[in-house]
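Numbers given in our numbering equal positions in the sequence shown, counted from 1, plus 16. Idealized CB from N, CA, C, for every residue including glycine. Bear in mind the structure is a predicted one, so any value in this text is a computation, not a measurement. Report on one structure; see the data block that follows.
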Amino acid sequence: MNRARRIFTSRALLGVLVVVAVVNVAVFAVERWYVLPLHVPSASMEPALREGERILVKRTHASPADLARQLDRGDVLVFRAPEAGEPLTVKRVIGLPGETIQAKDGVIAIDDEKILVEQWLPESERDIGTPAADSVDIPLTRLGDDEVYLLGDNRDNSIDSRVYGPVSLDDVVGTVLVRYWPPSRYGKVDWA
């Protein structure tokens, strides 16, 4: 009986180890190919996304041409920015592939049509001392068929396309699906 119990215990332990291994492989596969958990690295997307919040990102596997057709203005993207100082950056799509974009005095025009008036955060909410774009004005910029223009919602404290120019769709990692942490702010990320 003692030998049988040891065999049973060994098999049960082996079964548990196999289940743990399979779960770890599944989590790795999902994270690697489908969904990426990420913390928001800066205050540049406030008030929509606060620094340190946790988001789930749907990884893109589309070609730049297919991704260009899938994106909408207002989508929140995760991408590799050339000069942002973070491995991955989170910003909002303002200009879509093939469009022209320009901003003067806080008014953004896409293909010569005004789309929105900038909403500035109160002085008390600004993160004084954070490097930011020198100006909110955007010179006339024509986007390529594989480029988007991305801005942080907190325009005064965002290093974005105003600094490093249009972003290639090859650098896009994915789109933000949902904010999952903190639980009190769980939900879809909408316009601020």
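| Query | Result |
| --- | --- |
| Three-way DSSP call (helix, strand, coil) for PRO53 in this model | strand |
| Endpoints, alpha helix (DSSP H) assigned at ALA84 | 80-86 |
| Residue closest to ILE71, alpha-carbon to alpha-carbon, out of SER79, MET61 and HIS77 | MET61 |
| Cβ contact check for the segment 101-121 and the segment 163-174: 3 or more pairs under 8 Å | yes |
| Residues sharing a beta bridge with TYR165, DSSP | GLY111 |
| Per DSSP, cross-strand counterpart(s) of GLU129 | ILE126 |
| Local conformation of ARG70 per DSSP, three classes | strand |
| Status (buried if at least 16 other CB within 10 Å, exposed otherwise) for SER140 | With a pLDDT of only 37 at SER140, under the threshold of 50, the placement of this residue in the model should not be trusted; the figure read from the coordinates follows. Label assigned to SER140: exposed. |
| Cβ-Cβ distance between VAL73 and VAL94 below 8 Å | yes |
| Other residues of its chain near GLN118: CB distance less than 6 Å, five sequence neighbours each side excluded | ALA125, ILE154 and LEU156 |
| 8 Å Cβ cutoff met for VAL192 and VAL51 | no |
| Beta-carbon contacts of PRO138 that lie in its chain and below 6 Å, excluding the five residues immediately before and after | No answer about PRO138 holds up, because its pLDDT of 36 lies below 50 and its placement is not dependable. |
| Cβ-based neighbour list, LEU159, same chain, cut-off 8 Å, excluding 5 preceding and 5 following | GLY111, LEU112, PRO113, GLY114, GLU115, THR116, ILE117, TYR165 and PRO182 |
| Burial state of SER26, where buried means 16 or more other Cβ atoms lie within 10 Å | exposed |
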